[in-house]
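Trainee: Quick note on numbering: the numbering used here labels position 221 of the sequence shown as 238, and the sequence is numbered without any gaps. Take this structure first; my questions come after.
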Amino acid sequence: MEFTEKHGPRIDSLQLDYLMQQQIKADVLRLDLIHPLISGNKWYKLKEYIKEAKTLQKKVVITFGGPYSNHILATAAACSIFKIPAIGLIRGEEPKTYSPTLMDAQHQNMRLMFLPRKDYQDKLIPDAVFDQYSKQEVYVINEGGYGQLGMKGAASILNECTGSFYTHILCAVGTGTTLAGLRYHAQQHQQIIGVSALKNNFSLTQEVERLLEPMKESFSILHDFHFGGYAKYNPGLLEFMNEWFRQTGIPSDFVYTAKLFYAFAHLCQNGYFSRGSNILLIHSGGLQGNRSLPQGTLIF
Ligand SMILES: *Cc1c(COP(=O)(O)O)cnc(C)c1O
18 MEFTEKHGPR IDSLQLDYLM QQQIKADVLR LDLIHPLISG NKWYKLKEYI KEAKTLQKKV
78 VITFGGPYSN HILATAAACS IFKIPAIGLI RGEEPKTYSP TLMDAQHQNM RLMFLPRKDY
138 QDKLIPDAVF DQYSKQEVYV INEGGYGQLG MKGAASILNE CTGSFYTHIL CAVGTGTTLA
198 GLRYHAQQHQ QIIGVSALKN NFSLTQEVER LLEPMKESFS ILHDFHFGGY AKYNPGLLEF
258 MNEWFRQTGI PSDFVYTAKL FYAFAHLCQN GYFSRGSNIL LIHSGGLQGN RSLPQGTLIF
């Protein structure tokens, strides 16, 4: 299952002084380029679910997310392309003005319904859904695409490049589904390192292990680069994003990939990687989320 018009992902080789000095090679896999709306890792995580929903002849796909969620927009666009109706259950009360993300999702014909925080936490599907559809007709995708099929879809990210060539593969982590997919596909000798976008989310390790079961291969998750928590930032992070763009020409999003690139730069400068390391950084997309920042903050 592919897009009819697929913008291919691309590999960018980083040319940074601190990498040359330490004889480290690093590439960025630009999944942000695959589609204007279904950016990055979200497509890979979604595709097996959508395939299954089609196979089971479900009448509607339902999923969950916040008002700036990359997952919501990606699901809206993917369901529109593959012609299956979609409902987005959005965290919080209905706002007076919709975020650009929600407007885009609506333009992709996703029906939006708003859940008070408590109902959202409990992932409660409103009764109104079942006025229109029977239980059997509904296909629910977890928040962020967490699950086995999401992991298997994410595993195919490494088919986009010579994945086995790298000593280390780094990605940003939300639910850990992408990290699990990379671990699932990679060879044993390759180190898989995730940078958590959440504060103190130490149950992540178990959540990733649960997806990988019964496989027991190791991976690491770094918890020190969240900048205060999920979707939090400070002027230093924004400055880093602009500087990273000046140096590499690669844009990043402040929720996930900026924290990944920041962590990578920090680790390199602190001698974390040995000489001769060959590193792959997964650019998981998410640039649309930067629209929640004040205008003029970023130079890209
Ligand atoms: C959703 C998202 C992630 C997190 O992926 P998980 O599989 O949930 O860990 C990382 N980067 C970007 C840009 C995302 O939108």
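Every residue gets a Cβ at the ideal spot worked out from N, C-alpha and C, and that includes glycine.
Quick check: the stretch 92-101 against the stretch 204-215, are there 3 or more CB pairs under 8 angstroms?
Mentor: At 8 angstroms Cβ cutoff, the stretches do not touch.
Trainee: Do you know whose CA, among 225, 283 and 48, lies nearest residue 241's CA?
Mentor: The residue labelled residue 241 in the question sits at position 224 within the sequence shown. Looking at the Cα atoms, 283 is the closest of the given residues.
Trainee: Counting along the chain, where does the alpha helix (DSSP H) carrying residue 108 start and finish?
Mentor: As a working mapping, residue 108 is identified with position 91 in the sequence shown. Here residue 108 belongs to no alpha helix (DSSP H); instead the beta strand (DSSP E) covers 103-108.
Trainee: Please report the distance separating the alpha-carbon of residue 44 from that of residue 32.
Mentor: Locating residue 44 in the sequence shown gives position 27, where the first residue counts as 1. Locating residue 32 in the sequence shown gives position 15, where the first residue counts as 1. In a straight line, the C-alpha of residue 44 is about 9 angstroms away from that of residue 32.
Trainee: Measuring straight from C-alpha to C-alpha, what distance separates residue 290 and residue 281?
Mentor: By one-based count along the sequence shown, residue 290 stands at place 273. By one-based count along the sequence shown, residue 281 stands at place 264. One C-alpha to the other measures close to 10 angstroms.
Trainee: Could you compute how far the alpha carbon of residue 42 sits from the alpha carbon of residue 260?
Mentor: Position 25 of the sequence shown holds residue 42. Position 243 of the sequence shown holds residue 260. Taking the straight line joining both Cα atoms gives about 20 angstroms.
Trainee: Assign residue 231 to buried or exposed, taking buried as 16 or more other Cβ atoms, counted over all protein chains shown, within 10 Å of its Cβ.
Mentor: Mapped onto the sequence shown, residue 231 falls at position 214. Answer is exposed; the Cβ neighbour count stays below 16.
Trainee: Does the separation of the CB atoms of residue 286 and residue 35 fall below 8 angstroms?
Mentor: Taking the first residue of the sequence shown as position 1, residue 286 is located at position 269. Taking the first residue of the sequence shown as position 1, residue 35 is located at position 18. The answer is yes: Cβ separation under 8 angstroms.
Trainee: Counting only the same chain and skipping the five closest in sequence on each side, list residues whose C-beta sits under 7 angstroms from that of residue 304.
Mentor: Along the sequence shown, read from residue 1 onward, the residue named residue 304 stands at position 287. Closer than 7 angstroms at Cβ, skipping near neighbours: 49, 56, 268 and 270.
Trainee: Quick check on DSSP: helix, strand or coil for residue 314?
Mentor: Taking the sequence shown and counting its residues from 1, one reaches residue 314 at position 297. DSSP places residue 314 in coil when its eight states are reduced to three.
Trainee: Is any heavy atom of ligand 1 found at a distance shorter than 7 angstroms from the C-beta of residue 157?
Mentor: Counting from 1 along the sequence shown, the entry for residue 157 is found at position 140. No; taking the cut-off as 7 angstroms, the Cβ of residue 157 has no heavy atom of ligand 1 nearer than that.
Trainee: Between residue 140 and chain C, is any beta-carbon pair separated by less than 8 angstroms?
Mentor: Looking at the structure shown, chain C is missing, and only one protein chain is on hand.
Trainee: Give a yes or no on contact between the stretch 177-184 and the stretch 65-79, applying the rule of three or more CB pairs nearer than 8 angstroms.
Mentor: No, they do not touch.
Trainee: Helix, strand or coil for residue 309? Go by DSSP, reduced to three states.
Mentor: For the purposes of this step, residue 309 is taken as the residue at position 292 of the sequence shown. If DSSP states are grouped into helix, strand and coil, residue 309 belongs with the helices.
Trainee: Please find out if some non-hydrogen atom of ligand 1 comes closer than 7 angstroms to the beta-carbon of residue 273.
Mentor: If you number the sequence shown from 1, residue 273 lands on position 256. Because some heavy atom of ligand 1 lies under 7 angstroms away, the Cβ of residue 273 counts as near it: yes.
Trainee: Taking a contact to mean a Cβ-Cβ separation below 8 angstroms, would you say residue 143 touches residue 116 in this structure?
Mentor: Within the sequence shown, the letter at position 126 stands for residue 143. Within the sequence shown, the letter at position 99 stands for residue 116. No; because the gap between Cβ atoms is not below 8 angstroms, this pair is not in contact.
Trainee: Where do the ends of the alpha helix (DSSP H) carrying residue 169 lie?
Mentor: Within the sequence shown, the letter at position 152 stands for residue 169. Unbroken alpha helix (DSSP H) run through residue 169: 165-172.
Trainee: Does the stretch 86-100 come close enough to the stretch 157-164 that 3 or more CB-CB pairs lie under 8 angstroms?
Mentor: Contact between the stretch 157-164 and the stretch 86-100 is present, because at least three Cβ pairs lie under 8 angstroms.
Trainee: Under 8 angstroms between the Cβ atoms of residue 191 and residue 62?
Mentor: In the sequence shown, the residue the question calls residue 191 occupies position 174. In the sequence shown, the residue the question calls residue 62 occupies position 45. Their beta carbons are not under 8 angstroms apart, which means residue 191 does not touch residue 62 by this criterion.
Trainee: Please tell me whether, using a cut-off of 7 angstroms, the distance from the CB of residue 212 to the nearest non-hydrogen atom of ligand 1 is below it.
Mentor: Position 195 of the sequence shown, counting from 1, holds the residue named residue 212. The answer is no for residue 212.
Trainee: On the premise that residue 106 lies in contact with residue 132, defined as a C-beta separation below 8 angstroms, what is that separation, rounded to the nearest angstrom?
Mentor: Along the sequence shown, one-based indexing puts residue 132 at 115. Along the sequence shown, one-based indexing puts residue 106 at 89. 5 angstroms between Cβ atoms; contact.
Trainee: Rounded to whole angstroms, what is the Cα-Cα separation between residue 309 and residue 214?
Mentor: As a position in the sequence shown, residue 309 is number 292, starting the count at 1. As a position in the sequence shown, residue 214 is number 197, starting the count at 1. Taking the straight line from one Cα to the other gives about 17 angstroms.
Trainee: I need the boundaries of the beta strand (DSSP E) containing residue 208, first residue and last residue.
Mentor: Against the sequence shown, residue 208 aligns to sequence position 191. Its beta strand (DSSP E) spans residues 208-213.
Trainee: For ligand 1, any of its heavy atoms closer than 7 angstroms to the Cβ of residue 270?
Mentor: For this step, residue 270 is matched to residue 253 along the sequence shown. Yes, the beta carbon of residue 270 sits closer than 7 angstroms to at least one heavy atom of ligand 1.
Trainee: Taking 7 angstroms as the cut-off, does the CB of residue 265 come closer than this to any heavy atom belonging to ligand 1?
Mentor: By one-based count along the sequence shown, residue 265 stands at place 248. Not so, every heavy atom of ligand 1 lies at least 7 angstroms from the Cβ.
Trainee: How close, in whole Å, do the beta carbons of residue 273 and residue 301 come, if the pair is a contact with beta carbons under 8 angstroms?
Mentor: In the sequence shown, residue 273 corresponds to position 256, counting from 1. In the sequence shown, residue 301 corresponds to position 284, counting from 1. With a Cβ gap of about 6 angstroms, residue 273 and residue 301 count as contacting.
Trainee: Restricting to Cα atoms, I'd like to know which of 134, 94, 58 and 113 is closest to residue 196.
Mentor: Sequence index remark: in the sequence shown, residue 196 carries index 179 (1-based). Of the candidates 134, 94, 58 and 113, the one whose C-alpha sits nearest the C-alpha of residue 196 is 58.
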